[in-house]
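Encoded as structure tokens, the structure appears first; notes follow it.
Numbering (the working numbering), first residue to last: 377 to 1151.
See the structure below:
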């Protein structure tokens, strides 16, 4: 049975004749060699059986491994390994599978181009005995339309090589849309086209085959839509279109009309460009998200001053500026808005730091401008309100620390002053008490009582100053408001009198009591009275200050008012702010009223300022009324007979030891004196002592050191201790050197009370010794 091989010319007819009548493969091979046709025979298992020299000339890469029995797929692997571009090598097996399928099903010859630029036409037909025969012929001159001259031949070959080197795949279709030819790259991109590369198929057939074999489902539908266009009436695709491949890559497709009415379909691998575009879009999205997520507002103006960028944070930080730029988006409008905002802040009395704007709501915005390399202006706007508040708080804490240092120094000074004043005052008070007792029935008794009261008043003033200077916490107690007011008015009486300011006392409820730290309430009232004195300093006479206290609705209300200039309503809300002061520079720190506010608030009360009926300022303190009653001073006990005690008196002031010895000796005790702690220890060595009365501050070994040394003495031999001090507050907080703790008696002391305390301690010690002896 004869088999027809159609190669479309006379040589193809000879090939068909040879294939149908020759029984000798070698004779057929020689015949085809003369015609320049390559031959390769394959058996029914698709393995190589025979080939001629032209085959090796067309496919030189096959020479090293070609042998009888080599599978057709292996020859394809060497072929594609030589011809495929690097971008297609990962899909080598796909190309091989498509070529094997085309080999087994091919019915029509087709033309393809090798990487060298050579065009080959291949025919494949089955053999009657099984297997297939494949024939190749070089059709490069026909494909390139080469002339007969050598120059034209060279030009055609160079053109073929140039087209083969192109990364762009193209296929040519005539004016009716029928396939004419395609380059090698086209075949590499779409190996599944197979037999359609040579058959008279339409452009639409190619596009549908490409859509089905290469494209994703979504893009396959798009490409199939293009395949349905009626040709030649349809317009070519002049704008490049991107299609995504199933393997994730991208292809760019466009069509170019030919001069003869045909169409050239162009395909490019656009994977890198698409990925680059995707990365750029992703970067733009990330940059946009980052700019929008910034806590600062961002503005960008071009070199002409026009806004080109603004993030959403601008409307939140500065809505007024955002509205202004919406009307005129220019850098000049931004500058004008800043100038207007600074002017408004100045009108409110708020200074605008350089580069910042203080808004009407109190927020502070900082503006920073940077010029880019393109002469554009980048403006960053940040809300620095909290930072400025932190700066102010740091400054406030620094000032408080400074004031605390001053108060600590003042406390040390006043402690020394108290010691120096209390010693002579103690002598005066004690001597006055002894004189009062001695002259009880004489005409001089009243004069002595006046002397004693004056000395005790001086001692109270010294204790008040010392308590104010001590800035450490104290225990709260129920105190009489009337007593605290009286003590503070005594302290300020001289200042008011010399400034020609009259102080009047309104109704002061003697039962008004509050539970407070006494010295803190002293501090608040003293500050208010001193402020009133300063406010009246430049006012014309009459100048008056009025104080009152009472219980209103379960709360104690204390008022301090004056006839001064008052506090304007505009600044009342800030009068208790730290560092706010209406005094001249150098006169006040601006922390007095803020400290007062903090103290009263900490005690559960309030402090406010309002207009006084007298025309000045009226400060009102309201504190919860105390449930208990203030502790009343103990009445002096009458002398009673007691056991004879051995008493050691230790003080560096001879006048003190002398008066103490006289008081205790009159009570029937044996009294020994010592000038310091070392002398006291020497007096105690080998001697029995029932009660030790010692000063706290002395040169050499002071009272504290003496008590520490006594702590090592066995309790049965240790005397009871009375400590005399002008700074009882510090001693109560910091000192507990013996067990039991010493009894504290403040200077100036009442000799009658001191004698009673000595008797009490002696009795306690005697009972302890008795219990120890019977035990």
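By construction, the Cβ of each residue, glycine as well, lies at the ideal position given by its N, Cα and C atoms.
Query                                                                                                                                                                                : Result
Among the candidates 445, 690, 737, whose CA atom is the shortest distance from the CA of residue 743?                                                                               : 690
Output needed for residue 1039: all residues of its chain with C-beta closer than 8 Å, excluding positions within five of it in sequence on either side, in chain order.             : 806, 810, 1127, 1130, 1131
If you pair each beta-carbon of the region 564–571 with each one of the region 464–484, do three or more pairs fall below 8 Å?                                                       : yes
Could you tell me if residue 1073 is buried or exposed, where buried requires 16 or more neighbouring beta carbons within 10 angstroms of its beta carbon?                           : buried
State the DSSP-derived secondary structure class of residue 1011, mapped to helix, strand or coil.                                                                                   : Note that residue 1011 scores 47 on pLDDT, short of 50, meaning its location in the model is unreliable and no value can be drawn from it.
Can you look up residue 988 in the DSSP assignment and give me helix, strand or coil?                                                                                                : coil
Pull up the distance between the alpha-carbon of residue 461 and that of residue 411, whole angstroms please.                                                                        : 32 Å
Going along the chain, which residues of its own chain have a beta-carbon closer than 6 Å to the beta-carbon of residue 713, five neighbours each way excluded?                      : 697, 700
Would the beta-carbon of residue 923 fall within 8 Å of that of residue 1001?                                                                                                        : no
Cα-Cα, which of 433, 821, 802 is closest to residue 832?                                                                                                                             : 802
Using 8 Å as the Cβ pair cut-off and three pairs as the minimum, do the region 581–597 and the region 493–513 touch?                                                                 : no
With DSSP collapsed to three states, give me the class of residue 422.                                                                                                               : coil
For residue 870, count the other beta carbons within 10 Å of its own beta carbon; 16 or more makes it buried, fewer makes it exposed. Which is it?                                   : exposed
Considering residue 451, what are the terminal residues of the beta strand (DSSP E) in which it resides?                                                                             : First-last for residue 451: 448–459, but that is the alpha helix (DSSP H), not the beta strand (DSSP E).
Which partner residues does residue 620 have in the DSSP bridge list?                                                                                                                : 626
Any idea if residue 631 is buried or exposed, counting beta-carbon neighbours within 10 angstroms, 16 or more meaning buried?                                                        : buried
Less than 8 Å between the beta carbons of residue 815 and residue 821, yes or no?                                                                                                    : yes
Can you confirm whether the region 417–424 touches the region 442–461 when touching is taken to mean that 3 or more C-beta pairs between the two stretches lie within less than 8 Å? : yes
I believe residue 596 touches residue 588 by the beta-carbon criterion, under 8 Å. Please report the beta-carbon distance rounded to the nearest angstrom.                           : 7 Å
Under 6 Å Cβ to Cβ from residue 553, same chain only, skipping five residues before and after it: list those, please.                                                                : 578, 579, 607
Under the three-state reduction of DSSP, which class applies to residue 762: helix, strand or coil?                                                                                  : helix
If you compare alpha carbons, which of 750, 683, 705, 736 is closest to residue 719?                                                                                                 : 736
Measure from the alpha carbon of residue 598 to the alpha carbon of each residue in 617, 612, 610, then state which is nearest.                                                      : 617
Have a look at residue 705 and residue 987 and give me their C-alpha separation to the nearest angstrom.                                                                             : 50 Å
Would DSSP call residue 1016 helix, strand or coil?                                                                                                                                  : The pLDDT assigned to residue 1016 is 49, lower than 50, so where the model puts this residue is not dependable; a value taken from the coordinates is nonetheless given after this. Correct three-state label for residue 1016: coil.
Which of the three DSSP states, helix, strand or coil, is assigned to residue 497?                                                                                                   : strand
Taking all protein chains shown into account, decide if residue 765 is buried (16 or more other Cβ within 10 angstroms of its Cβ) or exposed.                                        : exposed
What are the start and end residues of the beta strand (DSSP E) that includes residue 933?                                                                                           : 931–938
Alpha carbon to alpha carbon, how far is residue 897 from residue 731?                                                                                                               : 45 Å
Could you give the DSSP three-state label for residue 416: helix, strand or coil?                                                                                                    : strand
In the DSSP assignment, the beta strand (DSSP E) including residue 926 goes from what residue to what residue?                                                                       : 920–928
Can you grab the Cα-Cα spacing for the pair residue 1048 / residue 1027, in whole Å?                                                                                                 : 11 Å
Mind checking which residues open and close the alpha helix (DSSP H) that includes residue 512?                                                                                      : Note, residue 512: premise wrong, no alpha helix (DSSP H); beta strand (DSSP E) at 508–514.
On a Cα-Cα basis, can you pick out the residue from 621, 866, 651, 823 that is closest to residue 835?                                                                               : 866
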